[in-house]
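Below is one structure; the comments refer to it alone.
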Amino acid sequence: MAAPQKGDLSASERRILQVITAGDVQEAAQLLASKEVRVNCLDEYGMTPLMHAAYNGKADICRLLLQHGADVNCNQHEYGYTALMFAGLSGKTDITSMILDAGAETELVNSVGRTAAQMAAFVGQHDCVTVINNFFSRARLEYYTRPQGQEKEPKLPPRLAGPLHKIIMTTNLNPVKIVMMVKENSVLVDVAALEKCYQVMDLLCEQCVKQQDMNEVLAMKMHYISCVLQKCVASLEKQDEKLDTLVKCLLRGRDSDGFPQYQEKFIRDCIKKFPYCEVTLLQQLVRSIAPVDIGNDPTAYSVLTQALTGQVVFVDADYCATCGDRGADKWCSLCKAVTYCSLSCQKLHWFTHSKMCRSLQDPDADLEKNTPRLKEIKEDESNLVTETANFLQELCLRAEEKVAAAGGCPADLLACSSTSVEGPHLAPKTEAEQ
Ligand SMILES: [Zn+2]
Ligand SMILES: [Zn+2]
């Protein structure tokens, strides 16, 4: 059959476009079964039936068209829009996922050079941006479940692929959440299994950096997950058999204001260990995080989340204080200042929240409640500040070495070194103290 031409539609093909807009799944199925409809036919503007269905937010019809072989990467639209772009514009995350699962390429650009994620962001469909930015095909992971070349065993035992893929696809980067996902699957709560998993994550990270169109976002995410998995291994090796101690460490708030400084430091550390210092995203993260005192906004968690998922973490929004899941609809009944997604998350948090709960209840503490992140740095935190400064210096050194080794120009590093000059010691405290 010849390739479809724009606007060259049979009566049935014109009919199916109307049927799609109306959302009539049954008639669409009949028309497709009749063989009088080419599933990739093009209207005057170069839109396929799938593009129409995606733009109109008709998930069932999208599924049907995909079953009939609709081409997800057709790029004949007059402005170069793809089905994925239309899905993103519609704001339907289910359709966006479906089209990604069917093999849509995320890097295709329209006539003004925008990708699907950028288009969705442009019209404020941030949930779709998150879905696109965090998509990672199961097939790409399953590659590692088969022995390659000389290997006698695959790098990833097939039974680990499912649970690991679930972690890769998470859009909640709270380390507590990731540890909980590990705990959920008994096959993962095992040193040998986790070692295989993080080694594969490291390989994927490298791949994302070295591939032709570097995917910095995915590379950072793979690296971050690898770090959390490595932390789990270290904990298991310290007889923390169910990883409960690790979860507690990540949740424990400091005495002064309940801020989980271990978690903050852990996330900063993960970013610091990212092995490809030439990556722009790393430099951006460092620049956003390094000047911030531990406990002030933005937290490393919110900066990382925004960079990797495109979502802004709002303070006091409906996030679970324990696992970071959205849509938390339960309050601590005593202080009503902290939200949770479930009773078990509240119970997990109580050992540390109990120290803060009272002061949050006290009406005199209200003033303080509004500025809990502006506390004076206590002695126990000064180490962290120094470490952050060292971290920056080290990063710059590594970058310089790298540039020197490559015989390149160090100009790019200027931005990096200036960050360390602005360093974390300089943040004024006067306003916070009064
Ligand atoms: Zn929760
Ligand atoms: Zn409370």
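Under our numbering, the residues of the sequence shown are numbered -3 to 430, in order. Backbone N, C-alpha and C define an ideal beta-carbon position, used for all residues, glycine too.
Residue closest to residue i, alpha-carbon to alpha-carbon, out of the options
{"i": "S133", "options": "E147, D325 and L160", "result": "L160"}
{"i": "T17", "options": "A83, I57 and Q26", "result": "I57"}
{"i": "T89", "options": "S107, N129, H73 and L330", "result": "N129"}
{"i": "K227", "options": "F262, K206, M197 and K217", "result": "F262"}
{"i": "I95", "options": "A55, V108, D265 and E74", "result": "A55"}
{"i": "K244", "options": "F347, D186 and A317", "result": "F347"}
{"i": "E106", "options": "T126, A117, G120 and Y77", "result": "For clarity, residue 106 is Asn in the given sequence; the question names Glu instead. The shortest C-alpha separation from N106 is found at Y77."}
{"i": "L5", "options": "A25, G19 and M43", "result": "M43"}
{"i": "I163", "options": "C193, D186 and R142", "result": "C193"}
{"i": "H122", "options": "A98, D186 and G87", "result": "G87"}
{"i": "Y139", "options": "V288, P153 and L344", "result": "P153"}
{"i": "V224", "options": "A7, Q235 and E260", "result": "E260"}
{"i": "D209", "options": "V33, A230, V275 and E233", "result": "V275"}
{"i": "E180", "options": "L156, V196 and L200", "result": "L156"}
{"i": "Y41", "options": "L60, A24 and Q72", "result": "Q72"}
{"i": "V172", "options": "L344, A(-1) and Q357", "result": "L344"}
{"i": "Q357", "options": "G84, V108 and C328", "result": "C328"}
{"i": "L60", "options": "L232, V288 and Q22", "result": "Q22"}
{"i": "P0", "options": "V33, A25 and D20", "result": "V33"}
{"i": "V213", "options": "Q279, A188 and K2", "result": "Q279"}
{"i": "V185", "options": "E233, F82 and A215", "result": "E233"}
{"i": "K269", "options": "C201, L137 and L190", "result": "C201"}
{"i": "D20", "options": "V183, G53 and M81", "result": "G53"}
{"i": "L38", "options": "P143, A7, V183 and M177", "result": "A7"}
{"i": "K211", "options": "Q63, M177, L277 and G158", "result": "According to the sequence as given, residue 211 is Asn; it is not Lys. Cα-wise, what sits closest to N211 is L277."}
{"i": "A286", "options": "T141, K151, V205 and I267", "result": "I267"}
{"i": "K2", "options": "R142, C70, G249 and G109", "result": "C70"}
{"i": "R264", "options": "H349, A324, D251 and L281", "result": "L281"}
{"i": "H64", "options": "G84, G249, I91 and A25", "result": "A25"}
Limits of the alpha helix (DSSP H) - the one that residue i falls within
{"i": "I290", "result": "Careful: I290 lies outside any alpha helix (DSSP H) and carries neither H nor E."}
{"i": "T44", "result": "Run containing T44: none; DSSP gives neither H nor E here."}
{"i": "R136", "result": "R134 to E138"}
{"i": "N129", "result": "H122 to N129"}
{"i": "M115", "result": "A112 to F118"}
{"i": "K343", "result": "L339 to Q357"}
{"i": "E191", "result": "V187 to K206"}
{"i": "A18", "result": "A7 to A18"}
{"i": "Q72", "result": "No alpha helix (DSSP H) holds Q72; DSSP gives it neither H nor E."}
{"i": "S252", "result": "Looking at the DSSP string, S252 is not in any alpha helix (DSSP H), and its letter there is neither H nor E."}
{"i": "S298", "result": "A296 to T305"}
{"i": "D265", "result": "Q257 to K268"}
{"i": "R142", "result": "Element bounds for R142: n/a, residue is neither H nor E."}
{"i": "T241", "result": "D240 to L247"}
Beta-carbon proximity list for residue i, same chain, < 8 Å, skipping 5 on both sides
{"i": "R10", "result": "none"}
{"i": "L169", "result": "K217, Y220, Y297, L300, T301, L304, T305 and G320"}
{"i": "S338", "result": "C316 and K326"}
{"i": "T166", "result": "N130, K173, I174 and M177"}
{"i": "V183", "result": "R155, L156, P159 and A189"}
{"i": "V187", "result": "V229, L232 and E233"}
{"i": "D236", "result": "L242"}
Contact set for residue i: own chain, Cβ-Cβ below 6 Å, skip 5 residues either direction
{"i": "Q302", "result": "V308"}
{"i": "A66", "result": "V35 and L46"}
{"i": "V125", "result": "A113, A116, A117 and G306"}
{"i": "V461", "result": "Limits of the chain in this structure are -3 at one end and 430 at the other, which puts residue 461 out of reach."}
{"i": "C331", "result": "C353, L356 and Q357"}
{"i": "Y272", "result": "V205"}
{"i": "S284", "result": "V299"}
{"i": "L27", "result": "S8, I12 and V33"}
{"i": "T367", "result": "Reliability of the predicted coordinates at T367 is poor, the pLDDT of 36 falling under 50, and the value obtained from them is presented with this limitation in mind. There are no such residues."}
{"i": "F82", "result": "M47, A50 and Y51"}
{"i": "K151", "result": "Y140 and V196"}
Sequence-distant residues of the same chain with beta carbon closer than 7 Å to residue i, five excluded per side
{"i": "H48", "result": "L13, I16 and T17"}
{"i": "D198", "result": "S222"}
{"i": "E103", "result": "T111 and D209"}
{"i": "Y75", "result": "N106 and S107"}
{"i": "E191", "result": "V229"}
{"i": "C341", "result": "C316, T318 and C319"}
Inter-residue CB distance, residue i and residue j (contact presumed, cutoff 8 Å)
{"i": "A29", "j": "A50", "result": "Contact doesn't hold; Cβ gap of about 21 Å is too wide."}
{"i": "P256", "j": "L247", "result": "6 Å"}
{"i": "G291", "j": "K351", "result": "No, G291 and K351 are not in contact; Cβ-Cβ is about 15 Å, not under 8 Å."}
{"i": "L239", "j": "V175", "result": "6 Å"}
{"i": "T335", "j": "D314", "result": "6 Å"}
{"i": "S93", "j": "V119", "result": "Not confirmed; about 18 Å, so no contact."}
Residue i beta carbon near ligand 4 (any heavy atom closer than 6 Å)
{"i": "N106", "result": "In the structure on display, ligand 4 does not appear, and the ligands it does have are ligand 1 and ligand 2."}
Worksheet item: Listed in chain order, which residues are found with a beta carbon closer than 5 Å to a heavy atom of ligand 2?
Response: Around ligand 2, the residues selected by a Cβ distance under 5 Å to any of its heavy atoms are C328, L330, C331 and C353, following chain order.
Discussion item. Under 6 Å, CB to any heavy atom of ligand 1. Which residues pass, going along the chain?
Written reply: The answer, residue by residue, is C316, T318, C319, D321, Y336, C337, S338 and C341.
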